[in-house]
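Peer 1: Here the numbering used here is used: position 11 in the sequence shown is 98, and no number is missing along the way.
Every residue, glycine too, gets a C-beta built ideally from N, C-alpha and C.
Note that the coordinates shown come from a computational prediction; the quantities given were computed from them, not determined experimentally.
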Amino acid sequence: MKQITLLYFAQLGAQAGRSEERLTSDAASVGSLFAELKHRYGWALPQEKVRFARNDSFCGVDEPFDDGDVLAIMPPMSGG
Numbered sequence: 088m089k090q091i092t093l094l095y096f097a098q099l100g101a102q103a104g105r106s107e108e109r110l111t112s113d114a115a116s117v118g119s120l121f122a123e124l125k126h127r128y129g130w131a132l133p134q135e136k137v138r139f140a141r142n143d144s145f146c147g148v149d150e151p152f153d154d155g156d157v158l159a160i161m162p163p164m165s166g167g
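1. With DSSP as the reference, please indicate the residues paired to Tyr108 in a beta bridge.
2. If you run the structure through DSSP and keep just helix, strand and coil, what is Phe121?
3. Starting from the C-beta of Glu150, find all residues in its chain whose C-beta is less than 8 Å away, skip the five residues before and the five after it, and write them out in chain order.
4. Please check the pair Leu93 and Ile160, which I expect to be a contact at CB under 8 Å, by giving their CB distance rounded to whole angstroms.
5. Less than 7 Å between C-beta atoms, sequence neighbours within five positions excluded: which residues of the same chain meet that for Asp156?
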């Protein structure tokens, strides 16, 4: 099991009821953790629409975790 700090942005944070949390998980990759969180928080947004950054670098869904990693989960955003 690894302890991961999660950062949620925009509607994902609103739906989770928090913008950040520490989680212990045995998820093997970013994609498997996202599936776990999607089930937990009822997120409707498909994984293909979400961007991930592990330790301040964008990453793909196959990226593995190390204990103590920080994962930012970002839905599509627009602005002016």
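Peer 2: Let's see:
1. For the record, residue 108 in the displayed sequence is Glu; it is not Tyr. DSSP lists Leu93 as partners of Glu108.
2. helix
3. Ser116, Val117, Phe139 and Arg141
4. 7 Å
5. Ile91, Arg141 and Asn142
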